[in-house]
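Oh and the sequence shown: position 230 is 229 in numbering that gives the first Met the number 0, straight run, nothing missing. Backbone N, C-alpha and C fix where the C-beta goes; we use that ideal spot for every residue, glycine too.
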Amino acid sequence: MNAVTATPITQPQPHSGSRVVLRSSRLLGWQDFGAELVNVSAGLHRMPAFRYHRVGVHVGAPVRARCMCNERRHSRIQAHGDADVIPAGLEGQWSDEAACTIFSVWIGEAFARRTVEQLSLKSADAQLRPQFQLRDPRFQYLAWALRAELEADEASDPLYAESLCTAMVVRLIGAAPAPGGNRQRRTLAPRTAARVIEFIEAHLDQRLTLSELAALAGLSVPHFKVLFRETLGMPVHRYVVQRRVERARTLLLQGKLNASQIALDTGFAHQSHMAHWMGRLLGVTPRELLRSVANAGSLIAFDPQEGRRIATPR
Numbered sequence: 000m001n002a003v004t005a006t007p008i009t010q011p012q013p014h015s016g017s018r019v020v021l022r023s024s025r026l027l028g029w030q031d032f033g034a035e036l037v038n039v040s041a042g043l044h045r046m047p048a049f050r051y052h053r054v055g056v057h058v059g060a061p062v063r064a065r066c067m068c069n070e071r072r073h074s075r076i077q078a079h080g081d082a083d084v085i086p087a088g089l090e091g092q093w094s095d096e097a098a099c100t101i102f103s104v105w106i107g108e109a110f111a112r113r114t115v116e117q118l119s120l121k122s123a124d125a126q127l128r129p130q131f132q133l134r135d136p137r138f139q140y141l142a143w144a145l146r147a148e149l150e151a152d153e154a155s156d157p158l159y160a161e162s163l164c165t166a167m168v169v170r171l172i173g174a175a176p177a178p179g180g181n182r183q184r185r186t187l188a189p190r191t192a193a194r195v196i197e198f199i200e201a202h203l204d205q206r207l208t209l210s211e212l213a214a215l216a217g218l219s220v221p222h223f224k225v226l227f228r229e230t231l232g233m234p235v236h237r238y239v240v241q242r243r244v245e246r247a248r249t250l251l252l253q254g255k256l257n258a259s260q261i262a263l264d265t266g267f268a269h270q271s272h273m274a275h276w277m278g279r280l281l282g283v284t285p286r287e288l289l290r291s292v293a294n295a296g297s298l299i300a301f302d303p304q305e306g307r308r309i310a311t312p313r
């Protein structure tokens, strides 16, 4: 994907800095991308060439730093939200004058390549290039949203993190559909929408990915995300979570399975994960739901169009 040739750093200085990982996405089910929140000490830090792309976003107080990648040198005051981009196959070197915190994101070559190929871009326009002190409000918004997922006590479905990482790749390469291309439909065709919805319903107990849903619709991931939202009025990840919650609600009210089994059968990581999302979308926990039914004689449902819970007669 990248035409940049890795250039080794000559006569490397001794590595003097240390890194302590505060948070990691290793157990969150993210595939071919990931993130860490890292405390970095003052000193020299050398990173070898990896097979994946790396983005480091500065968190907190400004720090004076010097960096080098692909024989390019840069000296600056690194401020909150500033990002360094190191493409796969390139070494990087940083020297920080004070300790700092870095939100570090890695993106697999295959993940980035799929995103680029689906955007109909010329290869020359679709490369991730080394960047120092990238200051882009829209990219920062995506980075902070992904960081929030990393730090959340109850993370969202991995589908949401995948959506954020896809958007980050698009933003990093400045991607836009090729001029002169066919204009995309504003909504999914009715049969396509029905096929996707039926697939989601049949696989709520499994991990769903944007790639497989887009392939089912015969669209690229970026175009599928746009058309899905235009068709159903919400992003893919939100729709999937709402369907999981509504399915869990139905099974709880049937009273045939315990809460732990229902959580697994509806695609949640565990019972607490299910309770968290029921609380956010329905305003009640599983236990409170059953108690409210017994006391009020009504069922709690969620209206996705109005974004609020409603009561329905038993």
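Beta bridge counterpart(s) of residue i as assigned by DSSP
i: Glu90; result: For Glu90, which the question treats as bridged, DSSP gives no partner whatsoever.
i: Gln117; result: Gln117 is not bridged to any residue.
i: Phe102; result: Leu36, Val56
i: Gln77; result: Val62
i: Arg71; result: Cys68
i: Asp264; result: Note: Asp264 sits in no beta bridge, so no partner.
i: Arg18; result: Val39
i: Asp95; result: Gly42, Ala64
Classification of residue i by the beta-carbon crowding that lies within 10 angstroms, buried from 16 upward
i: Lys224; result: buried
i: Arg243; result: buried
i: Ile76; result: exposed
i: Ala151; result: exposed
i: Ser155; result: buried
i: Gln260; result: exposed
i: Ala262; result: buried
i: Ala60; result: exposed
i: Leu26; result: exposed
i: Ser210; result: buried
i: Gly254; result: exposed
i: Glu70; result: exposed
Residues near residue i in its chain [Cβ-Cβ closer than 8 Å; skip 5 each side]
i: Tyr238; result: Ile199, Phe227, Leu231, Pro303
i: Arg267; result: According to the sequence shown, residue 267 is Phe rather than Arg. Same-chain partners within the cutoff: Arg243, Ala247, Met273, Trp276.
i: Asp324; result: Residue 324 lies beyond the range of the chain shown here (0 to 313); nothing can be said about it.
i: Asp204; result: Leu263, Asp264, Thr265, Gly266
i: Asn181; result: The predicted position of Asn181 is uncertain, since its pLDDT is 48 and thus under 50; no value can be drawn from it.
i: Ala142; result: Val54, Val56, Gly80, Ala82, Phe102, Val104, Met167
First through last residue of the alpha helix (DSSP H) which encompasses residue i
i: Gly28; result: Note, Gly28: premise wrong, no alpha helix (DSSP H); not H, not E.
i: His275; result: 270-281
i: Ala216; result: 209-216
i: His236; result: 235-253
i: Leu43; result: It is not in any alpha helix (DSSP H) - Leu43 instead sits in the beta strand (DSSP E) that spans 42-46.
i: Gln139; result: 136-150
i: Phe49; result: Here Phe49 belongs to no alpha helix (DSSP H), and DSSP marks it neither H nor E.
i: Thr191; result: 189-201
i: Ser162; result: 157-171
i: Leu226; result: 220-231
Beta-carbon contacts of residue i that lie in its chain and below 6 Å, excluding the five residues immediately before and after
i: Arg206; result: none
i: Val19; result: Asn38
i: Gly80; result: Gln139
i: Pro234; result: Arg228
i: Ile196; result: none
Rounded distance between the beta-carbons of residue j and residue i, thought under 8 Å
i: Glu108; j: Ala48; result: Contact doesn't hold; Cβ gap of about 12 Å is too wide.
Cut-off 7 Å between Cβ atoms - residues of its own chain near residue i, not counting five sequence neighbours on either side
i: Ser17; result: Ser40
i: Val168; result: Ile106, Ala111, Thr114
i: Thr4; result: Any reading at Thr4 needs caution, since the residue's pLDDT is 45, under 50, leaving its predicted position unreliable; the model's value is listed next. No residues qualify anywhere along the chain.
i: Val62; result: Gln77, Asp95, Glu96, Ala97, Cys99
Residue interval of the beta strand (DSSP E) (run including residue i)
i: Ala82; result: 82-85
i: Leu133; result: 130-133
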